[in-house]
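Chemist: Starting off with a structure, shown below.
Numbering (the numbering used here), first residue to last: 133 to 204.
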């Protein structure tokens with residue numbers, strides 16, 4: 133299965149995300165993807181970015197969900 137990685141800068145997270153608790157942010161994104169879009173995505177973070185890895189065939193559902201969260 134092919135996957136697509138979406139990288140989001142942590143500094144651009146909307147105010148409703150707590151940047152000091154990045155593991156909670158990752159869990160919130162994964163739960164929203166599954167609950168709202170039916171997408172099983174994996175999230176990772178480093179010091180500067182959050183990476184969301186999703187199946188390529190579910191990219192449109194992912195984009196819609198991330199837009200709803202204010203991430204894109």
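Idealized CB from N, CA, C, for every residue including glycine.
1) Residues in its own chain within less than 6 angstroms of residue 176 by CB, not counting five upstream and five downstream?
2) For the putative contact between residue 196 and residue 169, defined by C-beta atoms under 8 angstroms, what is the C-beta separation to the nearest angstrom?
3) In the DSSP assignment, find the unbroken alpha helix (DSSP H) run with residue 161 in it and report its ends.
4) Quick one: give me the first and last residue of the beta strand (DSSP E) that residue 140 is part of.
5) Give the C-beta separation of residue 185 and residue 137 to the nearest angstrom, bearing in mind that I take them to be a contact with Cβ-Cβ under 8 angstroms.
6) For residue 78 and residue 178, what's the separation of their Cα atoms in angstroms?
Modeler: Reading off the structure:
1) Here residue 176 refers to the residue found at position 44 when the chain shown is read from its first residue. Contacts found: 183.
2) Stepping through the chain shown from its first residue, residue 196 is reached at position 64. Stepping through the chain shown from its first residue, residue 169 is reached at position 37. The pair is a contact, with the Cβ atoms about 6 angstroms apart (cut-off 8 angstroms).
3) Numbered from 1 along the chain shown, position 29 holds the residue referred to as residue 161. It spans 154-164 - the alpha helix (DSSP H) in which residue 161 sits, taken as one unbroken run.
4) In the chain shown, residue 140 corresponds to position 8, counting from 1. Segment 135-141, the beta strand (DSSP E) holding residue 140.
5) Your numbering for residue 185 matches position 53 in the chain shown. Your numbering for residue 137 matches position 5 in the chain shown. 5 angstroms between Cβ atoms; contact.
6) Any question about residue 78 goes unanswered here, given that the chain covers just 133 to 204.
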